[in-house]
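In my numbering, the protein residues as written are 64 to 231. Virtual Cβ for every residue (Gly too), placed ideally from N, Cα, C. Heads up, the thing below is written out as structure tokens.
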């Protein structure tokens, strides 16, 4: 009779306690996990350049940056450079960081628009050793360096794309 009592009462109670503990562990683990997803689609212009549709996607552990279209603003959309450098930069916790860059040595013909390219990788790390979140980004801007084939002069322009209004 005593053995029968153990099977009827003690085992179901143990199974119930194990299930409750497992549920608590799963809940606490899920509650502490961050599944933040941030997506920016940025566009802007400078005196000579237009950037359209540049995307910055930030998820926990992965930063995707790129896939924008860059166009030189000329009559007829036809311009050739001797060299061309495109950089996408961010100010993160008061520190300048290059998110992506593209360089072309030799002539580049801007008959229409060019693709900025894209990059995927781990996001920058904070002082605490954690991946950045969107709240850590103070500013995002593009820098374009080029030398015009017609004038041979080195030029540089900045396109401001995003700036955090108030950082708490």
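Look up residue i in the DSSP assignment and say whether it is helix, strand or coil.
i           : result
residue 195 : coil
residue 216 : coil
residue 135 : strand
residue 77  : helix
residue 157 : coil
residue 162 : strand
Are residue i and residue j close, meaning C-beta to C-beta below 9 Å?
i           : j           : result
residue 146 : residue 168 : yes
residue 164 : residue 150 : yes
residue 113 : residue 136 : yes
residue 124 : residue 178 : no
residue 116 : residue 106 : yes
residue 43  : residue 216 : What is shown of the chain runs 64 to 231, which leaves residue 43 out entirely.
residue 203 : residue 225 : yes
residue 148 : residue 208 : yes
residue 186 : residue 227 : no
residue 153 : residue 159 : yes
Rounded to the nearest angstrom, what separates residue i and residue j at their Cα positions?
i           : j           : result
residue 80  : residue 100 : 36 Å
residue 162 : residue 192 : 18 Å
residue 13  : residue 73  : Nothing about residue 13 can be reported from this structure: the residues present for the chain run from 64 to 231 only.
residue 95  : residue 85  : Interpretation of residue 95 is limited by its pLDDT of 49, a score under 50 that renders its predicted location unreliable; the figure taken from the coordinates is listed afterwards. So the two alpha carbons sit approximately 16 Å from each other.
Identify the residues that DSSP records as bridge partners of residue i: which are they?
i           : result
residue 146 : 168, 210
What are the start and end residues of each continuous alpha helix (DSSP H) run of 4 or more residues lying completely inside the stretch 93 to 132, in chain order? none
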